[in-house]
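A short worksheet on the structure shown next.
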Amino acid sequence: MYNFVWLSAGMGVLSLILAIFFLVKDLAYCERTQQKKLTYLLANWGMFLLAIVWIGLGISLYVLIQNQLTA
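Spelled out as structure tokens, the structure:
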């Protein structure tokens, strides 16, 4: 049962790494082309926040399952 929790948290970490990679890459692109950062990077910030929430939910699910098994 814990494999699914850790797999989900691992996918969240992978998403976080990819979000940071693409955010830095697109930030450099915005600097080179002088584009508006707010509108161009909105999807990247959304992916970054989604990855953080995903990891938090994975940890929360693990803690909730632990509490149920020990209660």
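Read left to right, the sequence shown gives residues 12 to 82 (the numbering used here).
Just so you know, even glycine gets a beta-carbon here, dropped at the ideal spot from N, CA and C.
Predicted model only: the values in this text are computed from it and were never measured.
The criterion of a C-beta distance shorter than 7 Å is not satisfied by Met58 and Ala39.
If you draw a straight line from the Cα of Val16 to the Cα of Gln45, it is about 42 Å long.
Around the C-beta of Ala62, 16 or more other C-beta atoms lie within 10 Å, and the residue is accordingly described as buried. In the structure shown, Gln79 adopts helical secondary structure according to DSSP, grouped into three states. For the options Val24, Gln77, Gly23 and Trp56, the alpha carbon positioned closest to that of Phe33 is the one of Trp56.
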